[in-house]
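See structure below.
There are 2 protein chains.
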Amino acid sequence: MDDETRKIPSHEVTYGRLRDMILFGRLEPGQPVTIQGLVRDLDAGMTPVREAIRRLTAEGALLPQGNRRVAVPNLTPALLEQLAFVRLTVEPKLAELAGAALTPALIERLDGIDGAVDAAIKGGRVSDYLESNHAFHFALYEASGAPLLVDIARSLWLRFGPSLRVVCARYGATALPDRHEEALAAMRAGDAKALARAIENDIQQGIDQIRQAQEAGEI
Amino acid sequence: MDDETRKIPSHEVTYGRLRDMILFGRLEPGQPVTIQGLVRDLDAGMTPVREAIRRLTAEGALLPQGNRRVAVPNLTPALLEQLAFVRLTVEPKLAELAGAALTPALIERLDGIDGAVDAAIKGGRVSDYLESNHAFHFALYEASGAPLLVDIARSLWLRFGPSLRVVCARYGATALPDRHEEALAAMRAGDAKALARAIENDIQQGIDQIRQAQEAGEI
DNA sequence: GTTTCGGGAATTTGATCAAATTTCTTGAAC
DNA sequence: GTTCAAGAAATTTGATCAAATTCCCGAAAC
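Structure representation (structure tokens):
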């Protein structure tokens, strides 16, 4: 393991682990995050853990409480509305930009990832769904050549993750948004505008589900 | 100074100082930022400096080089385009939301800040212009009640700061964007849409100036 | 041009201090 | 005698620092 891990610093690894814990809902909204707890769980030193927490706090994935603790933020209706506004602006734009730069090889890869999404939905495996759905979107977005927009999208997904997991766990993975076929068809047709609309629909569907869960008092 | 500074942790103070150094252009684009340099300059310990750097890196205000250094990023034309897209989406929205929540007292305060902006322009004091222009925009934005959008706007301004300073220093502070009168008139008329348009124009003007400087090879 | 070596910077650890939370105790009121 | 509350001790957690280690970069030697 030396050749692999020597190059990549511990604080990077720790950041990645903690980020994925949040992104894929392994931490619940409202749950407190302690430095010493992560030192134990992630088997890392104190400084790397502190830095990972600071980074994720700056990205909005963690929220500082009044006392000097941090916790996974709850997604209030007001926050969801703001999140929806930016996601529905930035992510269709990313899709449109990516649409102009797609290669057959990338479309093939996206098709493969979508297969994993479908399989996860059919099998009711929530974790697999969350991870491959994320992979699908960001493999597409990264083809856009717009790293700043991708950064913003990442930050927004981080704020979304915990609540999405709760909704999935509640309603099962069967009725989850999957407009990916629509998106893949637009890619094959070389229609960037249609691709943007498909992604927009996909996002809108996910947001609506969370909104419904909020209105029902589920989260 | 004990009663004041005791409550607010050193890493917060250090973060604020470094952030303002970037935001108000006291660090030039491309300039490397070292931990030990900041330990000397800011008279802080190593841990607070490290955390400040990580936070600002996560916000896009600093860019990690391949080796383990960080530097103030250069604003390339491609980045400026992405920045412009998001700023022109988010900030007019913030203005519109704020427009619906304005009080006469806040309008008065904004009028006062705008006076400082004007005075700085007339006096050719670039630093004062940058600080009071920032104060004007964010005093308005914070009235929106949309903290997530404000966060995003902050991050975007951080990426903008260094280059804006260079442009100001180059062309003097006389031809700087100031559509604030337009904005104040819209506030007094209670016209949120017009306020949003005024802010949009203000931003567009600033972006155009940087774009021109880029095309002229000035930065 | 390639390799090796040394200086300097970043990373990491562990210890120590400070703040906050929880628990326990004690005393008064009912 | 029981209950409640205020306060103090103990525990947990965060903040900071200094030393040791690792790593990168450039200069000198080959």
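Each protein sequence line maps, in turn, to chains H and X. Counting in our numbering, the first sequence runs from 497 upward without gaps. Counting in our numbering, the second sequence runs from 497 upward without gaps. Glycine included, each C-beta is placed from N, C-alpha and C at the ideal position.
- Per the Cβ contact rule, the segment 683-699 of chain X is in contact with the segment 593-603 of chain X (3 or more Cβ pairs under 8 Å).
- With a threshold of 16 other beta carbon atoms within 10 Å, Arg550(H) meets it and is buried.
- With a 10 Å radius around the Cβ and a threshold of 16 neighbouring Cβ atoms, Arg564(X) comes out exposed.
- A buried status is given to Met517(X), since no fewer than 16 other beta-carbon atoms sit within 10 Å of its beta-carbon.
- Relative to Pro569(H), the option among Thr510(H), Leu523(H), Gly641(H) whose CA is nearest is Leu523(H).
- With fewer than 16 other Cβ atoms from the protein chains shown falling within 10 Å of its own Cβ, Arg666(X) counts as exposed.
- At a cut-off of 8 Å, the C-beta of Thr585(X) has a neighbouring C-beta in chain H.
- Just measuring C-alpha positions, the residue of Pro528(X), Ala567(X), Leu636(X) sitting nearest Arg650(X) is Leu636(X).
- Contacts between Asp647(H) and chain X, judged by CB atoms closer than 8 Å, involve Gly556 in chain order.
- By the rule that beta-carbons nearer than 8 Å mark a contact, Arg693(X) does not touch chain H.
- What Arg546(X) touches in chain H, judged by beta-carbon distance under 8 Å, is Thr543, Glu547, going in chain order.
- Interface criterion met: the Cβ of Gln578(H) is under 8 Å from a Cβ in chain X.
- Listed in chain order, the non-local C-beta contacts of Val663(X) below 8 Å within the same chain comprise Gln705, Ile706, Ala709, Glu714, Ile715, local neighbours out to five positions each way being set aside.
- At least 8 Å separates the beta-carbon of Arg675(X) from that of Ala688(X).
- A direct Cα-Cα distance of roughly 42 Å separates Thr585(H) from Asp539(X).
- A straight-line Cα-Cα distance of about 10 Å links Ile617(H) and Ser628(H).
- Pro658(X) and Asp537(X) have their C-alpha atoms some 19 Å from each other.
- For Val622(H), not one C-beta of chain X is nearer than 8 Å to its own C-beta.
- Glu577(X) and Ile648(H) have their alpha carbons spaced roughly 14 Å apart.
- Pro525(H) is a Cβ neighbour of Leu571(H), given a cutoff of 8 Å.
- When C-beta distances to chain H are compared with 8 Å, the residues of the segment 582-608 of chain X below that value are Val582, Thr585, Val586, Lys589, in chain order.
- The residue from Glu677(X), Arg513(X), Lys589(X), Ala597(X) with its alpha-carbon nearest to that of Gly611(X) is Glu677(X).
- For Arg550(X), the C-beta contacts it makes with chain H under 7 Å involve Glu547, Arg550, Arg551, in order along the chain.
- Each residue's CA atom was taken as its position, placing Leu654(H) and Leu626(H) some 12 Å apart.
- By the C-beta density criterion, Glu711(H) is exposed, having fewer than 16 other C-beta atoms within 10 angstroms.
- Short of 7 Å from the beta carbon of Ser623(X), and not among the five residues preceding or following it, lie these beta carbons of its own chain, in chain order: Phe520.
- Unbroken beta strand (DSSP E) runs of no fewer than 3 residues, entirely contained in the segment 646-706 of chain H, are not found.
- In this structure, the CA atom of Leu590(H) is about 43 Å from the CA atom of Gly619(X).
- For Ser628(X), the uninterrupted alpha helix (DSSP H) run begins and ends at 622-638, by DSSP.
- Scanning its chain for C-beta atoms nearer than 6 Å, with the 5 sequence neighbours on each side dropped, one finds around Leu645(H) the residues Val586, Leu590, in chain order.
- Only exposed fits Thr599(H), as fewer than 16 other CB atoms lie within 10 angstroms of its CB.
- Collapsing the DSSP output to three states places Ala597(X) in coil.
- The C-beta of Leu519(H) comes no closer than 8 Å to any C-beta of chain X.
- Annotation: the continuous alpha helix (DSSP H) that includes Thr543(X) extends over 542-554.
- DSSP lists Pro528(X), Leu559(X) as the beta-bridge partner residues of Ala567(X).
- In terms of beta-carbon proximity, Ala540(X) stays away from the interface with chain H, with every pair separated by 8 Å or more.
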